[in-house]
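Chemist: In the numbering used here, the protein residues as written are 1174 to 1631. Even for Gly, the Cβ is constructed at its ideal location relative to N, Cα and C. Just so you know, these numbers come straight off a predicted model, no measurement behind them.
(1) Only counting the same chain, and skipping five residues up and downstream in sequence, which positions put a Cβ closer than 8 Å to that of residue 1561?
(2) Please state if the CB of residue 1325 and the CB of residue 1299 are separated by a distance shorter than 9 Å.
(3) Compute the distance between the beta-carbons of residue 1394 and residue 1323, then report whether it is under 9 Å.
(4) In the DSSP output, which residue or residues are listed as bridge partners for residue 1426?
(5) Which two residues bound the contiguous beta strand (DSSP E) that contains residue 1369?
(6) Does residue 1628 have its Cβ less than 9 Å from a Cβ in chain D?
(7) Just grab the DSSP bridge partners of residue 1386 for me.
(8) Within the chosen definition, does the stretch 1517 to 1529 reach the stretch 1458 to 1469 through at least 3 CB pairs nearer than 8 Å?
(9) Using a 10 Å radius around the Cβ and a threshold of 16 neighbouring Cβ atoms, would you call residue 1569 buried or exposed?
(10) Evaluate residue 1501 with the Cβ neighbour count: other Cβ atoms within 10 Å of its Cβ, from every protein chain shown; 16 or more gives buried, anything less gives exposed.
(11) On the DSSP letters alone, give me the boundaries of the beta strand (DSSP E) that residue 1246 sits inside.
(12) List the whole-angstrom C-beta distance separating residue 1479 from residue 1572, where the pair is believed to meet the contact cut-off of C-beta under 8 Å.
(13) Classify residue 1284: buried if its beta carbon has 16 or more other beta carbons within 10 angstroms, exposed otherwise.
(14) Determine which residues share a DSSP beta bridge with residue 1324 and list them.
(15) Give the DSSP-derived three-state secondary structure of residue 1345 in the structure shown.
(16) Taking three-plus beta-carbon pairs below 8 Å as touching, is the stretch 1604 to 1621 in contact with the stretch 1575 to 1594?
(17) At what residue ranges does the stretch 1475 to 1523 contain a whole run of the alpha helix (DSSP H), taking only runs of 4 or more?
(18) Using alpha carbons as the reference points, say which of 1429, 1582, 1511, 1425 lies closest to residue 1409.
(19) So the alpha helix (DSSP H) residue 1592 belongs to, where does it begin and stop?
(20) Are at least three pairs of beta-carbons, each pair with one atom in the stretch 1447 to 1459 and one in the stretch 1530 to 1547, less than 8 Å apart?
(21) Please return the same chain residues whose Cβ sits closer than 6 Å to the Cβ of residue 1383, not counting the five positions on each side in sequence.
(22) How would you label residue 1622, buried or exposed, when you count the other beta carbons within 10 angstroms and need 16 or more for buried?
(23) DSSP three-state call for residue 1550: helix, strand or coil?
(24) So which of 1388, 1610, 1601, 1611 has the shortest CA-CA distance to residue 1624?
(25) Return the first residue and the last residue of the alpha helix (DSSP H) that residue 1459 is part of.
(26) Could you tell me the alpha carbon to alpha carbon distance between residue 1226 and residue 1304, rounded to whole angstroms?
(27) Should the stretch 1328 to 1342 be regarded as contacting the stretch 1287 to 1297, the criterion being three or more beta carbon pairs within less than 8 Å?
(28) Just list the residues that DSSP pairs residue 1577 with in beta bridges.
(29) Can we say the stretch 1434 to 1447 touches the stretch 1499 to 1514, given the rule of at least three CB pairs closer than 8 Å?
(30) Given a cut-off of 9 Å on the beta-carbon distance, is the pair residue 1603 and residue 1596 in contact?
Take a look at the structure:
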């Protein structure tokens, strides 16, 4: 039997090409499926209802579930919903730095009980709404999703008036929260780390209008809204971003000054390992020395007790000897101390109409010898006024005297003022006992002080 002739092998590899094309098609399909799934998942995370169109084209038994509480709404619908719940929506604020269609910040207000003066609404919540992309919005009006929300409770009364309590021995106040009535975007000199804004309240304390508030930060990359800081300003000055310590970056500065006592709190912006909000405001502390030096520690002790000029003088002298070992943190502390010292020095150099004010500003600046001369040169008419002034300021003067004597136990001018303050608080016997306990007190100092007490104690 004849064997069949072998078939001639085709010169073109059709089967190999078809196989490779099939495999390529499978890979392309798989890649498209994965890419589409990732894209759809990302859209659902960012805009949970953005894939509602997909549900309309699926069978009933495969319908996608959507959160009814976070359906897209127009601003009118948002306002109506809040008003139906008893709240009042404030005017929405567009978030700067966002896209062409910016997101909005919406303060939620609630009416305060009567009597409420001219501030009858307080902010009780903050809401961030993300605008639905035009590609997904088939309505004529803009739609928004609620992406972040935080309840707002104002600072306690005891916190807000604490600087006045410390300065004037007032009633410490209660723990009831004070209302926050208006919002201020913090845009000038602000860091580019999200959106910063300030909630503000005011309270009449009799002498000045006290302002207080809270600082909030919104991180748009994580839709995170966070309370960063509470603040209070007895002089009614609003806090602000500014380059305070010369480090090249803005710092958040709160003016807590009471009367003639300058007091500025400085906060640095620092990073932290917290993904929703990776920044924090850290106070510049004068309790932790930037250098391991006893002299440096003494300077900070003087500063914490209000002797800013003396503290600045010590630190500048120390800086000259440190050279390249002088750190950035040390410079920040020096800049803060120098800022306070400049204010106190200007007050002490000013021409005051009242001798009591002239003497007080000199004492607050730690000018012990100059103050002693002013006191001993008073006439009879001025003496009563000055003694009344000293009696009402013994606490803040004593902490300055005590700090000076602890660091320089041979400063007889400061010891003299220690006797004056102890005499006003406890009588001449206690005052002289305190002086006798001090080191290196000369006989001349003891005799002079006794004579002064006899003269002024009449």
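Modeler: Put simply:
(1) Excluding sequence neighbours, residue 1561 sits near 1529.
(2) Closer than 9 Å, so yes.
(3) Between residue 1394 and residue 1323, the CB-CB gap reaches or exceeds 9 Å.
(4) Among the bridge pairs identified by DSSP, residue 1426 is matched with 1413, 1439.
(5) Residues 1368 to 1377.
(6) Absent here is chain D; the protein component of the structure consists of one chain.
(7) According to DSSP, which records beta bridges pairwise, residue 1386 is partnered with 1373, 1404.
(8) Verdict: no, contact absent.
(9) By the Cβ neighbour-count rule, residue 1569 is buried, with 16 or more other Cβ atoms within 10 Å of its own.
(10) Exposed: under 16 other Cβ atoms inside 10 Å.
(11) Here residue 1246 belongs to no beta strand (DSSP E), and DSSP marks it neither H nor E.
(12) Residue 1479 to residue 1572, Cβ: 7 Å. Contact.
(13) When all chains shown are included, residue 1284 counts as exposed.
(14) Beta-bridge partners of residue 1324 (DSSP): 1298.
(15) The three-state secondary structure of residue 1345, taken from DSSP, is coil.
(16) Because the criterion of three Cβ pairs below 8 Å is met, the stretch 1604 to 1621 and the stretch 1575 to 1594 touch.
(17) Fully enclosed alpha helix (DSSP H) runs of no fewer than 4 residues occupy 1481 to 1495, 1501 to 1522 of the stretch 1475 to 1523, in order along the chain.
(18) Residue nearest to residue 1409 within the set 1429, 1582, 1511, 1425 is 1429 (criterion: CA-CA distance).
(19) Annotation for residue 1592: the continuous alpha helix (DSSP H) segment containing it runs 1585 to 1599.
(20) No: the two stretches stay apart, fewer than three of their Cβ pairs being nearer than 8 Å.
(21) In its chain, beyond the 5 residues on either side, 1376, 1407 have a beta carbon closer than 6 Å to the beta carbon of residue 1383.
(22) By the 10 Å Cβ count, residue 1622 comes out buried.
(23) DSSP places residue 1550 outside both helix and strand once states are collapsed to three, so it counts as coil.
(24) The shortest Cα separation from residue 1624 among 1388, 1610, 1601, 1611 belongs to 1601.
(25) Counting along the chain, residue 1459 falls outside any alpha helix (DSSP H), and DSSP gives it neither H nor E.
(26) Interpretation of residue 1226 is limited by its pLDDT of 43, a score under 50 that renders its predicted location unreliable; no figure is taken from the coordinates.
(27) Contact fails: fewer than three Cβ-Cβ distances are below 8 Å.
(28) BP columns for residue 1577 are empty, so no partner.
(29) Look at the beta carbons and you see the stretch 1434 to 1447 touching the stretch 1499 to 1514: at least three pairs across the two are nearer than 8 Å.
(30) In contact: residue 1603 and residue 1596 (Cβ atoms closer than 9 Å).
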